[in-house]
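Worksheet: the structure to be examined is printed underneath.
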Amino acid sequence: MLELRLVQGSLLKKVLEAVKDLVNDANFDCSATGFSLQAMDSSHVALVALLLRSEGFEHYRCDRNISMGMNLGNMAKMLKCAGNDDIITLKADDGSDVVTFMFESPTQDKIADFEMKLMDIDSEHLGIPEAEYHAIVRMPSSEFARICKDLSSIGDTVVISVTKEGVKFSTRGDIGTANIVCRQNTTVDKPEEATVIEMNEPVSLTFALRYFNSFTKATPLSNTVTLSLSSELPVVVEYKIAEMGYIRFYLAPKIED
Amino acid sequence: GKIQKLLSDFYCHL
């Protein structure tokens with residue numbers, strides 16, 4: 001028996017909007033730790049890892065570890081039917097091939113339940129070791145989204161370079177080139193507006209921009225985003241989900257053959 | 258030129 005009650009149901013709606021374009025089908029894993037997902041995009045270049053910790057749910061019952069295969073496009077369609085202020089409860093019986101989403105309005109005057117068929121999905125988990133990163137950049141998520149959108153109108157790839165001067169996003173295309181430098185800026189009114197750069201050594205990596213634009217669909221989940229970079233390792237783009245967990249995107253770099 | 262690496266070039270399948 002599985003029963004997860006999330007008072008801030010809009011979080012789950014935002015999570016689905018953030019991942020549904022990157023991954024079609026995925027297994028949601030439920031355990032005592034929380035509700036999680038790890039899935040790669042179809043080209044095996046990008047990976048999404050989600051964790052919503054059990055403590056973040058108002059009610060969390062998961063009698064045994066369970067993996068539920070879902071089509072994320074269909075799940076997003078169902079969650080779109082929940083109001084932004086609704087409480088969302090996920091329910092599944094042991095051995096069942098369906099999951100039920102229950103939406104309750106805050107005043108309890110409207111209660112809806114939607115039942116979705118589960119799927120058998122061959123899950124392909126990757127072991128991602130803890131790594132020391134050469135540079136970690138934290139910046140406003142809206143600023144990062146703006147940069148990715150602007151650069152993708154010029155070129156297809158972005159070079160992210162971190163030096164003691166700041167973090168530089170560069171692209172080139174048929175019409176020209178673009179460079180955007182963000183300097184460390186911690187003297188802002190609100191901490192979430194700061195750009196903070198922790199650099200152990202300079203790093204420069206090249207990535208396909210279209211994936212970054214997909215990752216920025218997670219912007220509504222967090223005011224800030226963290227980019228963790230190391231030479232010749234996938235970048236980690238992390239959006240913290242307040243008091244609940246995170247959504248992390250991993251993207252393999254392009255490197256010299 | 259640069260070639261696109263895959264995640265399996267860096268991380269192992271469990």
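Going line by line, the protein sequences match chains A and D.
Under the numbering used here, think of the first position of the first sequence as 1, with each following residue one higher.
Under the numbering used here, think of the first position of the second sequence as 258, with each following residue one higher.
We treat Cβ as the ideally placed atom computed from N, Cα and C, and that holds for glycine.
Could you tell me how far apart the beta carbons of residue 27/A and residue 96/A are, in whole angstroms, since I believe they sit closer than 8 angstroms? Taking the first residue of the first sequence as position 1, residue 27/A is located at position 27. Taking the first residue of the first sequence as position 1, residue 96/A is located at position 96. Their Cβ separation, rounded to whole angstroms, is 15 angstroms, which puts residue 27/A and residue 96/A out of contact at 8 angstroms.
Checking contacts by CB at 8 angstroms: is residue 250/A closer than that to chain D? Residue mapping note: residue 250/A aligns to position 250 of the first sequence, counting from 1. Yes, residue 250/A counts as interfacial toward chain D.
Helix, strand or coil at residue 234/A according to DSSP, with G and I counted as helix: Mapped onto the first sequence, residue 234/A falls at position 234. Coil, per DSSP.
Proximity of residue 56/A and residue 119/A at Cβ, strictly below 8 angstroms: The count along the first sequence starts at 1 and reaches residue 56/A at position 56. The count along the first sequence starts at 1 and reaches residue 119/A at position 119. Not closer than 8 angstroms, so no.
Interface residues of chain D facing residue 256/A [CB-CB closer than 9 angstroms]: Sequence index remark: in the first sequence, residue 256/A carries index 256 (1-based). The answer, in chain order, is 258, 259, 260.
Which stretch, first to last residue, makes up the alpha helix (DSSP H) that contains residue 62/A? Along the first sequence, one-based indexing puts residue 62/A at 62. No alpha helix (DSSP H) contains residue 62/A, which is instead part of the beta strand (DSSP E) from 59-62.
At a Cβ threshold of 8 angstroms, is residue 124/A touching chain D? Taking the first residue of the first sequence as 1, we reach residue 124/A at position 124. At least one chain D Cβ lies under 8 angstroms of residue 124/A.
Return the residues of the region 37-51 of chain A that lie within a Cβ-Cβ distance of less than 7 angstroms from chain D, sorted by chain order. 40, 44, 45, 47
So does the region 200-214 of chain A actually touch the region 158-172 of chain A, counting three or more Cβ pairs closer than 8 angstroms? yes
Quick one: what's got a C-beta closer than 7 angstroms to residue 3/A's C-beta in the same chain, skipping five residues either side? In the first sequence, counting from the first residue as 1, residue 3/A sits at position 3. Same-chain partners within the cutoff: 59, 61, 89, 91.
Would you call the CB atoms of residue 18/A and residue 217/A closer than 8 angstroms? Your numbering for residue 18/A matches position 18 in the first sequence. Your numbering for residue 217/A matches position 217 in the first sequence. Yes; because the gap between Cβ atoms is below 8 angstroms, this pair is in contact.
Does DSSP classify residue 219/A as helix, strand or coil? Position 219 of the first sequence, counted from the first residue, corresponds to residue 219/A. In this structure, residue 219/A counts as helix in the three-state DSSP scheme.
Is the shortest distance between the beta-carbon of residue 209/A and the beta-carbons of chain D less than 8 angstroms? Counted from its first residue, the first sequence places residue 209/A at position 209. Not one chain D Cβ lies under 8 angstroms of residue 209/A.
Is the Cβ-Cβ distance between residue 178/A and residue 197/A less than 8 angstroms? To locate residue 178/A, count along the first sequence from 1; it is residue 178. To locate residue 197/A, count along the first sequence from 1; it is residue 197. No, these two residues do not count as a Cβ contact at 8 angstroms.
Please check if any C-beta of chain D sits within less than 8 angstroms of the C-beta of residue 277/A. Because chain A spans 1 through 257 in this model, residue 277/A falls outside it and cannot be assessed.
With C-beta atoms as the reference, is residue 222/A less than 8 angstroms away from residue 241/A? Here residue 222/A refers to the residue found at position 222 when the first sequence is read from its first residue. Here residue 241/A refers to the residue found at position 241 when the first sequence is read from its first residue. Contact: yes.
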